[in-house]
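Novice: Top to bottom, those sequences are chains V and S.
Each residue of the first sequence is one higher than the one before, counting from 5 in our numbering.
Each residue of the second sequence is one higher than the one before, counting from 504 in our numbering.
All C-beta atoms, glycine included, are put in the ideal place defined by N, C-alpha and C.
Small disclaimer: the values here were computed from a predicted structure and weren't measured.
Dropping a structure here in structure tokens format, bear with me for questions.
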Amino acid sequence: MNLTLKIWRQKNANDKGKMVDYQISDVSPDMSFLEMLDVLNNQLIEKGDSPVAFDHDCREGICGMCSLYINGEAHGPDRRVTTCQLHMRMFKDGDTIHIEPFRAKAFPIIKDLVVDRSAFDRVQHAGGFISVNTSGNTQDANSIPISKHAADKAMDAATCIGCGACVASCKNSSAMLFVSAKVSQYALLPQGQVEATDRVLNMVQQMDDEGFGNCTNTGACEVECPKGISLENIARMNREYLSASFKG
Amino acid sequence: MWFGQKMIALYLCNHNKINHIMSGILSSSIGRKFAMAISALFLMIFLLQHFAINILSVFSPDTFNEVSHFMGTFWVIQYALQPVLIFGVVFHFVMGFVLEIKNTKARQIKYAVNNGGANSSWMSRNMIWSGLTILAFMLLHFYDFWVPEITIKFIDGDMSGLIDPNNSESGFRYLEHLQHKFVDIWRVALYVISFVFLALHLLHGFESAFQSVGANNKYTKGLKNFSKIYAIGIPAGFIFIALFHHLNQIL
């Protein structure tokens, strides 16, 4: 496959940045998208150019590190996959592929396609945890009865890998799908009840402070989420938040 | 005395608590969307009631006149419900603009290529534009009906509702006023276009309001189907009324 790549290049956070065209040939349809970028970077290094900076880690679709806005969609045109699991067979010979970083005020660009997603960490720190006594008399989690339905829902929410595709896809750069998944995974379990009120209030407050937008229920986040996190979680977070607000 | 003081203290305490909760809610993203949804649900109930009265003009003109006179002169509606309605409308528009401005600020550099159609409906991405069209329509609608009504009742002081206030045999003016407005084909065209945009707004807004208040459960699928019936049915009904009165007069 021969492809034209239009890639966002930006030297650092203060640089204005621009789209730069690259030609790449002999791309195998079996390559992953990141392997294709590896090939491009080898060519750039051989020519003495600066390689394209992009985030990646496990390359197995579970770490949430890779990102990229490919042809107008977070993680590209395939569904339920991260960019590292996106394969070049999704494209055709001669295609032009636009590659941009995840864009949001809360995700400032560090370099090229690498963005700072530490806003998610700060939201998580604000309440995405439970306090457990670890002094030696910790209760066995398996001794606490949990319905299959609740356990399944909590597990579904917990599969969020925090990649930020929801923010990138949302026309408002809203982080509500991510935050609601983190709120839900605890709200559904008995272990999460003790800190439930503070958790949702603090996490939503931190989300707003980071500069994410308001959810307008377009549903784009749910469609683009590589883990299929459901909008049900946002509705649950809304209920949790309103209930917590009235409890004070 | 003691009971009175306790009641006043309880009122002040609750009043402060409610103020605290409301200001807290409206300063958060979830609170704002909750408030937006509540105002939307209120306006959708009003729209249904408005349609129910207007359709009477087609099937029972006399009943339409009588109900219109009741709605226009009963003090509870005029002095209690009408201000609530005006507040609801203004709040919904102002909050819509506030949210749009905040959301625009949340992404300062736009994507060079964005394939929004791949993951969301046109209606959900363009609520501000369908909303602005409805706002423009409402200005025309107020100019056509609300301003003349208020002028006749509260400036001219004529609360009779009659075509000729000095002739009790002249009959109510409401249907005549409505028919007169729908003679002009351009006004009818503007109404029809506006109702199409209202349908587009409701196609996303109806189910979105329920999601915002936290209702996403086993009834959501049925609710989505009902929302489509409401979102298309009510504006289509208003279009039918406008066309009926236009065609009834020119044919």
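(1) Below 9 Å between beta carbons is the criterion; list the residues of the stretch 715 to 747 of chain S that meet it against any residue of chain V, in chain order.
(2) Determine, using beta-carbon pairs with one atom in the stretch 67 to 87 of chain V and one in the stretch 31 to 38 of chain V, whether at least three such pairs fall under 8 Å.
(3) With DSSP as the reference, identify every bridge partner of V/Asp25, one or two as the case may be.
(4) Could you check whether the Cβ of S/Val597 sits closer than 8 Å to any Cβ belonging to chain V?
(5) If you scan the stretch 581 to 639 of chain S from start to end, which runs of the beta strand (DSSP E) of 3 or more residues do you find wholly inside it?
(6) Using the C-alpha atoms, what's the distance from V/Arg63 back to S/Ala702?
(7) So which residues on chain S does V/Ile238 lean against when the C-beta distance must stay under 8 Å?
(8) What residues of chain V sit near S/Phe549, judged by a beta carbon separation below 8 Å?
(9) Which chain S residues sit within Cβ distance under 7 Å of V/His102?
(10) Assuming V/Phe111 and V/Ala130 make a contact with CB atoms under 8 Å, what is their CB distance in whole Å?
(11) Mind checking S/His595: buried by the 16 CB within 10 Å criterion, or exposed?
(12) In chain V, what lies closer than 8 Å to S/Gly660 by C-beta?
(13) Taking only three categories from DSSP, how would you classify V/Ala57?
(14) Determine, using beta carbons only, whether V/Met23 comes closer than 8 Å to chain S.
(15) Could you tell me whether the Cβ of V/Gly223 comes closer than 8 Å to any Cβ of chain S?
(16) Run through chain S and tell me which residues come within less than 7 Å of V/Leu235, C-beta to C-beta.
(17) Quick one: is S/Glu672 buried, meaning 16 or more other Cβ sit within 10 Å of its Cβ, or exposed?
(18) Under the rule that 16 or more other beta-carbon atoms within 10 Å means buried, what is S/Phe567, buried or exposed?
(19) Enumerated in chain order, which unbroken segments of the alpha helix (DSSP H) with a length of 4 residues or greater are wholly contained in the stretch 116 to 174 of chain V?
(20) List the whole-angstrom C-beta distance separating S/Ala745 from S/Phe700, where the pair is believed to meet the contact cut-off of C-beta under 8 Å.
(21) Sorted by chain position, which residues of the same chain lie with C-beta nearer than 6 Å to S/Gly664's C-beta, five sequence neighbours on each side aside?
(22) Going by beta carbon distance, what residues of the same chain come within less than 6 Å of S/Met626, once the five residues before and after it are set aside?
(23) Would V/Phe106 pass as a contact of V/Gly168 if the rule is Cβ separation under 8 Å?
(24) Going by CA-CA distance only, name the one from V/Ser32, V/Gly80, V/His60, V/Asp59 that's closest to V/Pro230.
(25) Do S/Ile637 and S/Glu603 count as a contact pair if the criterion is CB distance below 8 Å?
(26) If you reduce the DSSP assignment to three classes, tell me which class V/Leu235 lands in.
(27) Does the pairing of the stretch 176 to 196 of chain V with the stretch 236 to 243 of chain V give three or more beta-carbon distances under 8 Å?
(28) Whole angstroms is fine: what's the gap from S/Met504's alpha carbon to S/Ile580's?
(29) On the DSSP letters alone, give me the boundaries of the alpha helix (DSSP H) that S/Ile696 sits inside.
(30) Measuring only the C-alpha atoms, how far is V/Ala172 from V/Ser247?
(31) In terms of alpha-carbon separation, which member of S/Gln611, S/Val597, S/Gly620 lies closest to V/Val227?
(32) Go through its chain and collect everything with a Cβ distance to S/Tyr677's Cβ below 6 Å, but skip five positions before and after it.
(33) By the criterion of Cβ-Cβ separation under 8 Å, what are the contact partners of V/Gly76 in chain S?
(34) Using 8 Å as the Cβ pair cut-off and three pairs as the minimum, do the stretch 6 to 20 of chain V and the stretch 86 to 106 of chain V touch?
(35) With 16 other CB atoms within 10 Å as the buried threshold, where does S/Tyr694 fall?
Specialist: In brief:
(1) Ser715, Val716, Gly717, Ala718, Asn719, Asn720, Thr723
(2) yes
(3) V/Lys10
(4) no
(5) none
(6) 45 Å
(7) Gln714, Asn719
(8) Under the 8 Å cutoff, chain V gives no residues; its nearest Cβ is about 22 Å from S/Phe549.
(9) Ala615, Val616
(10) Between V/Ala130 and V/Phe111 the Cβ distance is about 17 Å, and since that is not below 8 Å, they are no contact.
(11) buried
(12) The premise fails here: S/Gly660 is roughly 46 Å from chain V at the closest Cβ pair, so nothing lies under 8 Å.
(13) coil
(14) yes
(15) yes
(16) Gln714, Asn719
(17) exposed
(18) buried
(19) 122 to 129, 152 to 162, 169 to 173
(20) About 14 Å separates the two Cβ atoms, so there is no contact after all.
(21) His572, Phe675
(22) Leu703, Leu706, His707
(23) yes
(24) V/Gly80
(25) no
(26) coil
(27) yes
(28) Unreliable positioning characterises S/Met504 in this predicted model, as indicated by a pLDDT of 47, which lies under 50. The coordinate reading is nonetheless provided below. One C-alpha to the other measures close to 37 Å.
(29) 688 to 715
(30) 29 Å
(31) S/Gly620
(32) Asn568, Ser571
(33) Tyr614, Val616, Asn617, Asn618, Gly619, Ala621
(34) yes
(35) buried
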